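See structure below.
In the UniProt record's numbering, the protein residues as written are 1 to 660.
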C-alpha cells in the first residue's frame with residue numbers, strides 16, 4: 001500500500017517459476033519441489049516500492065502442480081523440508097541510499113551446536129570487489145555495506161557455511177544467490193552515429209530510408225530498457241514539416257509525403273536533419289530520454305537531360321594549329337556530383353577526316369572542342385559540326401533527350417603563310433667519292449602549299465658539315481665545291497647528310513627544310529699502312545723471327561686485302577733477312593743470321609688489291625741489342641748499317657710503282 005491508491009502497481013518475483021496475480025495471489029507455474037521454496041517479491045507503484053521475502057514451509061511434501069500456494073491474506077503456505085542451512089535468494093534494489101550497512105536477508109541453520117558460527121565467502125565478500133556483503137556470525141543476518149550498480153554486476157553467487165568455534169566447517173557450504181534489482185538509472189544512448197540515410201527523389205510514400213537504434217544499459221527484460229522512438233524536429237520544414245515518420249518500436253524512418261513533393265530540384269536543400277528521441281519506460285512521461293541527429297540526403301535521379309545554352313557556336317582557328325578552339329556550355333538541373341549531371345559529348349556529323357575531338361571539362365562540364373589534325377585553308381576554309389550531349393547515367397524511362405541536346409559549331413579556318421615543302425623529304429642520291437669539283441649532285445623540288453598566294457621560292461644551304469656542297473638559289477641544283485671523301489669523319493656508314501632551306505616570298509617569309517642523304521661509293525684512293533714500324537732483337541737470339549707485320553686500309557673491299565708484302569733489294573754479298581706472308585693481312589720478318597749490335601732500316605712495300613692497286617713503301621726500324629741476364633740493352637748501338645745505294649734503290653722503286 002503506497003497510501004495513494006497503488007496506481008500502476010507492479011510485482012516482480014525473484015523466481016521465474018512463480019508469478020503474482022493482479023489480486024495479489026502467488027501462483028506456482030511448475031511443481032514446487034522442482035521450483036524451489038524461497039523467493040522475494042518486489043512491489044513498485046508510481047510513488048513507492050518495497051520487497052517481501054516469502055518462505056514456503058510445511059511438514060508434509062505434496063506432489064503435483066499447485067495452481068495457488070497461498071494468497072497474501074491467507075495461510076502461510078506449504079512448509080519446506082527440513083535441512084541444516086536455509087539460504088534463500090536475496091533481491092536488492094540498486095542505487096539504495098545510506099545509511100549502510102543495511103540488512104537485506106537472513107540465513108537460517110537448524111544445527112544448534114554450541115559455539116556454531118556463520119561464514120560467508122565469494123565475490124563481493126572476500127574476493128574482489130571485497131567487502132560489499134557481510135553476515136552476522138551468530139544471527140545469520142546478511143547486510144550490504146554500500147549501494148549496488150546492476151549495470152556493473154547484476155548477480156552475486158556467494159557461499160555460506162556453519163563452522164564450530166575452531167573454524168572447522170560443520171555444515172555447508174550452501175549457495176546464496178543475490179540479485180540486484182534494476183532501477184531506471186540509465187538513459188538511452190545512440191552509439192552508432194553519425195546517422196546518414198539516403199532516399200531517391202520521387203520515391204513512393206512509405207519508402208524506408210534508414211533505421212535508428214539506441215541502447216539502454218538497464219535490464220532489457222523490464223520497461224527500464226523498453227524504448228520508443230519519436231521525431232522531435234525536422235530541418236528544413238519545407239515543402240512539408242512532416243516529410244518523414246519513425247516507427248516508435250523499430251526505429252525505421254520512412255517517407256510520408258507524395259513522390260511529387262520529394263523532388264530534389266524544387267527543394268530548398270537536398271539535405272534534411274531530424275532530431276530523433278529515444279525514451280525508455282515504453283515511452284511514458286517518466287521515462288529517460290536520449291537524442292541523436294539523423295541526416296537524410298535526397299539522392300538525384302537523372303530526370304533532367306542536359307541542354308546547350310545556345311543552338312549555334314562559333315570558332316576561328318589558324319591553319320596548321322592544333323588544340324582547343326571553343327568551349328561548348330550546357331545546363332543540367334541534376335546533382336553536379338553524379339553521373340546524372342556529368343555530360344558526354346559526341347560529334348555526330350561534319351568530321352569525316354577525324355580532325356576534331358571533343359572532351360568534357362570535369363570541373364565546368366563544358367565540352368572542349370579541339371583540332372587534333374592541322375586544318376588546311378587551301379583545302380577547306382569552313383567546317384560545320386553537329387554535336388550532341390548526353391549524361392553518363394541513362395535518363396529515367398519517362399524522360400528523353402530533346403532538340404536542345406544538340407548544337408551546331410561553325411568553324412572558320414584562317415590562312416597563314418606556310419613554309420615550302422620538299423618532295424621527297426628526305427632526298428637520297430648515290431655518288432662516287434672523289435668526283436670532280438662542280439659535279440651536279442641533285443636538283444631539289446620544293447612547292448609552296450599556299451597555292452592561292454602565287455609566291456616564289458629561293459634555296460640556300462642550311463647545314464653542310466664538311467663544306468662540300470652549294471645550291472642554286474632559284475632552280476635548286478646542288479653541286480660540289482670540294483672533293484667528296486668517303487673516309488671523312490663527317491661521313492657515317494658511307495652516308496653524308498646535308499640540310500637545305502626553301503624560302504618563299506611571303507611577308508614575313510616562311511621556310512621549309514629539306515634533308516639530303518648522299519651515299520658515297522668507295523674508290524681505291526688510300527694506300528695501305530704498315531704496323532708496327534719498330535722491332536727489337538737480341539744479337540745472340542736463337543729465334544730469328546723478328547716481328548709479325550700487319551697492314552690496314554681505309555678503303556672498302558675489294559680495295560683492301562689481300563695485301564702483298566715485299567722486301568726491297570738488299571745490298572751486299574749476303575742477304576740478311578726475308579719476309580714471309582702469314583695470311584691476307586699479315587707477314588713475318590725473319591733474320592737469316594745473327595747481326596751485330598746496331599740499328600737497321602729494312603725497306604718493305606705493301607700493296608692492296610684495288611684496281612689499280614696502290615703500294616706503300618715504308619721502312620721497318622730494327623734494333624739489334626745486347627742481351628745479358630734477361631736484360632736488353634739497346635742504348636749504344638753502332639752506326640746505321642745500310643748503304644746509301646740501298647736507300648736510293650728504294651726511292652727509285654717507289655717512284656716507278658707510282659707511275660700510271
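Glycine is no exception: its CB is placed at the ideal position from the N, C-alpha and C atoms.
This one's a predicted model, so the numbers in the text were calculated from it and none came from an experiment.
One alpha carbon belongs to residue 564, the other to residue 557, and they sit about 15 Å apart. One thing to note: residue 480 has its Cβ within 9 Å of the Cβ of residue 470. Taking C-beta separations shorter than 7 Å and ignoring five residues to either side along the sequence, residue 167 has no partners in its chain. Here the stretch 147-162 does not lie against the stretch 257-265, with fewer than 3 beta-carbon pairs under 8 Å apart. In this model, residue 385 and residue 379 are separated by some 17 Å (Cα to Cα).
Counting C-beta atoms within 10 angstroms of its own C-beta, residue 383 has 16 or more neighbours from the protein chains shown and is therefore classed as buried. Of the residues 581, 567, 575 and 374, the one whose Cα lies closest to the Cα of residue 548 is 581.
Counting along the chain, the unbroken beta strand (DSSP E) around residue 391 starts and ends at 382-391. For residue 566, the enclosing beta strand (DSSP E) starts and ends at 564-567.
Residues of the same chain with a CB within less than 6 Å of the CB of residue 265, apart from the 5 flanking positions on each side, are 333 in chain order. A contact between stretches requires three or more CB pairs, one per stretch, nearer than 8 Å, and the stretch 407-419 meets this requirement with the stretch 494-512.
At least 9 Å separates the beta-carbon of residue 465 from that of residue 515. Fully enclosed beta strand (DSSP E) runs of no fewer than 3 residues occupy 312-318, 323-328, 343-349, 356-360, 367-371, 382-391 and 406-414 of the UniProt domain "Cadherin" (309-422), in order along the chain.
Taken through DSSP and simplified to helix, strand or coil, residue 128 comes out as coil. Residue 140 is positioned such that its CB atom lies closer than 9 Å to that of residue 106. Closest by C-alpha distance to residue 454, out of 404, 329, 507 and 499, is 507. The three-state reading of DSSP puts residue 165 in coil, since its state is none of H, G, I, E or B.
No Cβ-Cβ contact shorter than 9 Å links residue 180 with residue 232. DSSP lists no bridge partner for residue 506. Only residues of its own chain outside the window of five on either side were considered, and among them 355 have a CB closer than 6 Å to the CB of residue 373, listed in chain order. Under the three-state reduction of DSSP, residue 599 is assigned to strand. Contact between residue 434 and residue 484 holds, with the beta-carbon distance rounding to 7 Å and staying under 8 Å. In the DSSP assignment, residue 588 falls within the unbroken beta strand (DSSP E) covering 586-591. For residue 590, the closest C-alpha among the options 8, 128, 567 and 15 is that of 567. Contact between residue 120 and residue 102 is ruled out by a C-beta separation of about 16 Å, above the 8 Å threshold.
The way I'd put it, the stretch 533-550 does touch the stretch 593-600; three or more beta-carbon pairs between them come closer than 8 Å. Remark: three or more beta-carbon pairs, one from each stretch, lie closer than 8 Å, so the stretch 283-295 and the stretch 184-193 are flagged as touching. Taking all protein chains in view, the Cβ of residue 100 is surrounded by fewer than 16 other Cβ atoms within 10 Å, so the residue is classified as exposed. The beta-carbon distance between residue 344 and residue 391, rounded to whole angstroms, is 7 Å. This is short enough to meet the 8 Å contact definition. Here residue 377 has 319, 413 and 415 as same chain residues with Cβ atoms under 6 Å from its own Cβ, once five neighbours each way along the sequence are excluded. When the beta-carbon positions are compared, residue 389 and residue 400 stay at least 9 Å from each other.
By DSSP's assignment, residue 294 forms a beta bridge with 195 and 274. Residues 164 and 165 of the same chain have their beta carbon placed closer than 8 Å to that of residue 115, with the five preceding and five following residues left out of the count. In this chain, residue 610 is not harboured by any beta strand (DSSP E), its DSSP state being neither H nor E.
Partner residues in the beta bridge of residue 428, as assigned by DSSP, are 517.
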